[in-house]
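Structure, as structure tokens:
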Ligand code: PEP
Ligand code: MG
């Protein structure tokens, strides 16, 4: 197989094979942009390595060929003693995994080529600095040496020379440092720093492959739902140097602001520095405007490249670049990560600039992003103690105790506290702490620092570059410039990722403008939006929501059990109620009425119990029908297992035993215990519930259908337009539905005759057992509609208990890649999804055009919605909060 591609051979659509970075380097090369020559080792090679534990044999030969071609093109040789060619080795998986994988720069330097580099560059300091960087990076990432050894030696050197900054070290100091670094390698890794340039390259390549399986790479992938079996590509690229003096530098830029979505270019630039200095946020950076005055030519070239890339990708791009002695080089580009707010604004900007269609704009935003925007922000009124204002790196409002390291952040988060991870700067080792924290605050680094990039990717609030803070992680204190108090882990701070403000103490949070829009409409939201960023955001969200509503085929209903729920749902755009779980109407006070029904032993007792429940149910339904006037409202007859209405068997047994012992036993408790014991089930969720309960307990169907029918009559008499749909849960056989249907129809006919209204409401069933799905063509004979209960259908298809899923083995299964996400969260397309498809096809083979809905949790899950659209479902029903998300996702599925 072909394991190595020159940059000039690939293109942007080969991300599976070349990784994201490699595919985009190839695309830039094809566009004629200034990319240093190089090649990409494919993900196939990585997968082969991971499978066999060794690099495939052909790889060495193919690397030689590609390397020779690059050498010929440039007229230089890797690591040659004179004018050496140097390369960088970087990982690049299909999906970007910021900071997760390894980079080694300056490969090819050794004791003799360093002299050659000094010679051709005319800058010995630069050559020795490059060499010491190579040993440091190689030592850390390839040889797994703790980076502290190197940074310790560097700090000691600076102290002994009386200088503060890295670049103030002179050639002598750097030459000494190289010897010290080599000694560290010998001591820590037990080998001499490899002098053979090709050996360095091969070792670095293998280290990139290996790093795919580090713990933090696993954590990141799990969080981002990236499959563990993709592997990474390796990019080998000719080195260009941003650290060749004052006319050189390195930077990162965005074609639009990735944080707010404002149009206009954004970026950070560091003079006389190499790439890792920017991303690591080690030094503070200049803006692109500063670059323009510093080096107008390169700035002009960069702007031209940015425009070309944005036009070509038709999207916000981020770009890593280096200027080597006044010549611009592009080292990386990709369609840039952005905040949720930026995603919406950029999408509509691009429509207005005629770069994309409105349909495409819909595909540029996601339901998850909309969800993020529905969360609150800090309120601007009230007392606030501003500590400092720094870089707003990832929006949101987070309040919590200061945590100084991973261990502290994780322990306190697990104990239920909210923490803000406060670091001087972050690096990939801090990932677990960032995951655990509510927000991240750093003292150093810009919008492109590790903390900023990773936090944005996670949707986690982040403020960075707060230089006023002096963070002492060892002592666990923060000193704030100009203030007396010393902050510790006992202090609460509040960080605003939208403004960059950092407050001491807790700050009240206010509604999100997008939530105001969703709840109260465009006009009200714009009036109360405050600044231009919020107003533009609301307008963008509104435009895309309206477009989603226009193009979507799936209707969106809500799961609502109370009139309040129903009202919320309608405000958020629901087109009906897809599931009213009537058992929720029997909780609290009313539980004992249901208990009386269960305990009734004579017809008279049973009728008395039902007579109490009837007016309560009727009133519930009438209220909901008022709210849902003219809209369909699916009422599901009672579903839960009986034990939910009865006392716990063990507790009651103990009470009865103790009371008997004391001679105070209540005979009512004794008979209750008998009933509880009799109805006790080992697997209640597989027991007497749903249709089984309805068919077993006399009078229950009649009670509920009568309540629906009488409520409807009441509404009709008042001039309303009630549209109930009666749904029977948990059927496995057509016969169950037949019986339930006959009894329901009899009641509808009776109340219809009494009232003079036609009450022939649709009667359908849930499909939530495999047997119902498999026999759906049959079941459809008795059903006016199907609604897929994907919660139970997942439980019964997999045989997983849905009640134990949080605490059970599902986490382990995700680690083992048995599935990527819990099937209770996102539909298992191949298994449970096949059941749904079977149900739809079977139903419609009997009744073409039969109405099909989904009312399990999956109805509000973005990935699942796309699937339901694809199998011809008519509507999804989800919690009122998720209705806007479902509308947007249904629109995305349709374009
Ligand atoms: C389902 O099983 O998917 C469903 C909607 O019903 P419930 O969650 O009430 O069992
Ligand atoms: Mg169910």
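Numbering (the numbering used here), first residue to last: 4 to 898.
C-beta: ideal position from N, C-alpha, C; glycine also.
Note that the structure is predicted; figures quoted are calculated from it, not measured.
Does DSSP put residue i in a helix, a strand or coil?
| i | result |
| --- | --- |
| residue 880 | strand |
| residue 49 | helix |
| residue 166 | coil |
| residue 299 | helix |
| residue 311 | helix |
| residue 44 | strand |
| residue 539 | helix |
| residue 489 | strand |
| residue 589 | helix |
| residue 729 | strand |
| residue 3 | Since the displayed the chain opens at 4 and closes at 898, residue 3 lies outside it and no answer follows. |
| residue 370 | helix |
| residue 161 | helix |
| residue 243 | coil |
| residue 694 | helix |
| residue 817 | helix |
Less than 9 angstroms between the beta carbons of residue i and residue j, yes or no?
| i | j | result |
| --- | --- | --- |
| residue 878 | residue 559 | yes |
| residue 157 | residue 139 | yes |
| residue 872 | residue 837 | no |
| residue 441 | residue 413 | no |
| residue 107 | residue 207 | yes |
| residue 143 | residue 153 | yes |
| residue 185 | residue 172 | no |
| residue 552 | residue 898 | no |
| residue 364 | residue 262 | no |
| residue 234 | residue 49 | yes |
| residue 272 | residue 294 | yes |
| residue 800 | residue 831 | yes |
| residue 532 | residue 400 | no |
| residue 882 | residue 446 | no |
| residue 764 | residue 715 | yes |
| residue 236 | residue 416 | no |
| residue 506 | residue 589 | no |
| residue 855 | residue 791 | yes |
| residue 27 | residue 336 | yes |
For the ligand MG, is there any heavy atom lying closer than 8 angstroms to the beta carbon of residue i?
| i | result |
| --- | --- |
| residue 771 | yes |
| residue 60 | no |
| residue 566 | no |
| residue 395 | no |
| residue 733 | yes |
| residue 642 | yes |
If I follow the unbroken alpha helix (DSSP H) through residue i, where does it start and stop?
| i | result |
| --- | --- |
| residue 6 | It is not in any alpha helix (DSSP H) - residue 6 carries neither H nor E in the DSSP assignment. |
| residue 742 | 737-758 |
| residue 27 | 18-33 |
| residue 637 | Note, residue 637: premise wrong, no alpha helix (DSSP H); beta strand (DSSP E) at 635-639. |
| residue 842 | 835-849 |
| residue 208 | 200-214 |
| residue 624 | 606-630 |
| residue 394 | Per DSSP, residue 394 belongs to no alpha helix (DSSP H); it is in the beta strand (DSSP E), 394-397. |
| residue 129 | 127-140 |
For the beta strand (DSSP E) containing residue i, name the first residue and the last one.
| i | result |
| --- | --- |
| residue 332 | 330-338 |
| residue 94 | 90-96 |
| residue 475 | 472-475 |
| residue 782 | That residue, residue 782, is in no beta strand (DSSP E); its alpha helix (DSSP H) goes 779-782. |
| residue 271 | 266-274 |
| residue 322 | 320-327 |
| residue 686 | From DSSP, residue 686 is part of no beta strand (DSSP E); its letter is neither H nor E. |
| residue 481 | 480-483 |
| residue 766 | 766-770 |
Please decide whether residue i counts as near chain C, where near means a Cβ-Cβ distance under 9 angstroms.
| i | result |
| --- | --- |
| residue 252 | The structure shown contains no chain C; it is built from a single protein chain. |
At a cut-off of 8 angstroms, is residue i close to the ligand PEP when judged by its beta-carbon and the heavy atoms of the ligand?
| i | result |
| --- | --- |
| residue 686 | no |
| residue 806 | no |
| residue 560 | no |
| residue 590 | no |
Whole beta strand (DSSP E) elements within the stretch 404-476, 3-residue minimum | Here the runs fully enclosed are 422-426, 442-445, 464-467 and 472-475.
Along the chain, which unbroken stretches of the alpha helix (DSSP H) at least 4 residues long are found entirely within the stretch 497-523?
-> Correct list: 516-523.
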